[in-house]
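Beneath this line is the structure, given in structure tokens, with notes to follow.
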Amino acid sequence: DTAVSQTPKYLVTQMGNDKSIKCEQNLGHDTMYWYKQDSKKFLKIMFSYNNKELIINETVPNRFSPKSPDKAHLNLHINSLELGDSAVYFCASSPLGSSSTDTQYFGPGTRLTVL
Amino acid sequence: SQQGEEDPQALSIQEGENATMNCSYKTSINNLQWYRQNSGRGLVHLILIRSNEREKHSGRLRVTLDTSKKSSSLLITASRAADTASYFCATLNQGAQKLVFGQGTRLTINP
């Protein structure tokens, strides 16, 4: 029983294409996140949603658009892919949005390669 | 901006030895968390220490927090080959709603 799942696991695509990554959590959590991990393993938050509402939007190109149809799902759509978008993208969830005891649960990651 | 910085960036020890990793940060925090990432996998939460706590234990893990020095350490005792992974510290800053991660320490346990 996967707690936080992402699809696809691997994504190889050409520059300029549009692609989506899907994330689902079955933990009943209120908050979901997207992170980007670069080749140096540096993990940086991109977005977070609390109960379908956007609460964190870091300085991310507007080619990246998150969509949360319900609180169990947070998808990431990327337009006009660029070489620099190549990275591993992680979805995560946590029980509450702003809590001093917030542990985050991560998905397995989606390795995006832009050629 | 990046908050936690782990030290060392890479650590290689023999099975059975203890491994110590350090994390430094810059601003006041609510809590500090340690995560493990096995190769090709997502991060797994290990332990959380609040700003008013100084030490915490979980199995073979021991975490300390020194808010005056803005630093934390993670000690893994009696290391095993399965402990081979990257370890990240993450801080929840006061007034913030997001965790800020460091770049991690890559730990290798040699059999």
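From first to last, the protein sequence lines stand for chains Z and L.
FYI, the numbering for the first sequence is 1 to 115, going by my numbering.
FYI, the numbering for the second sequence is 1001 to 1111, going by my numbering.
C-beta: ideal position from N, C-alpha, C; glycine also.
Quiz item: What does P108/Z reach in chain L if we use C-beta pairs closer than 9 angstroms?
Solution: Within chain L, the residues near P108/Z are G1040, R1041, G1042.
Self-check item: Beta-carbon neighbours of S5/Z, restricted to chain L and to distances below 8 angstroms
Solution: Within chain L, no residue comes near S5/Z; the closest Cβ sits about 10 angstroms away, beyond 8 angstroms.
Quiz prompt | Given L112/Z as reference, the closest of K71/Z, S94/Z, I45/Z, S86/Z once Cα atoms are compared | solution = Minimum Cα distance to L112/Z is reached at S86/Z.
Quiz prompt | Closer than 9 angstroms to chain L by CB, L74/Z | solution = For L74/Z, not one C-beta of chain L is nearer than 9 angstroms to its own C-beta.
Practice problem: Please list, in chain order, all residues of the same chain as E1017/L whose beta carbon is under 7 angstroms from its beta carbon, the five residues on each side excluded. | Solution: The beta carbon of E1017/L is closer than 7 angstroms to those of S1079 in its chain, skipping five residues each way along the sequence.
Quiz prompt | Of the residues Q1033/L, P1008/L, A1019/L, the one placed nearest K1098/L, counting alpha carbons only | solution = Of all alpha-carbon atoms in Q1033/L, P1008/L, A1019/L, the one lying nearest the alpha-carbon of K1098/L is that of Q1033/L.
Quiz item: Who are the neighbours of K1098/L on chain Z, taking C-beta pairs under 7 angstroms?
Solution: Per Cβ cutoff of 7 angstroms: I45, S48, I56.
Exercise. Report buried or exposed for P66/Z, applying the criterion of at least 16 other Cβ atoms within 10 angstroms of its Cβ.
Key: When all chains shown are included, P66/Z counts as buried.
Exercise. Give a single yes or no on whether S1024/L has its beta carbon closer than 8 angstroms to a heavy atom of the ligand FMN.
Key: The ligand FMN is not part of this structure, which contains no ligands at all.
Practice problem: Leaving out five residues on either side along the sequence, give the residues of the same chain with a beta carbon under 7 angstroms from the beta carbon of T19/Z. | Solution: Residue 19/Z is actually Lys in this sequence, not Thr. Short of 7 angstroms from the beta carbon of K19/Z, and not among the five residues preceding or following it, lie these beta carbons of its own chain, in chain order: L11, T13, I78, L81.
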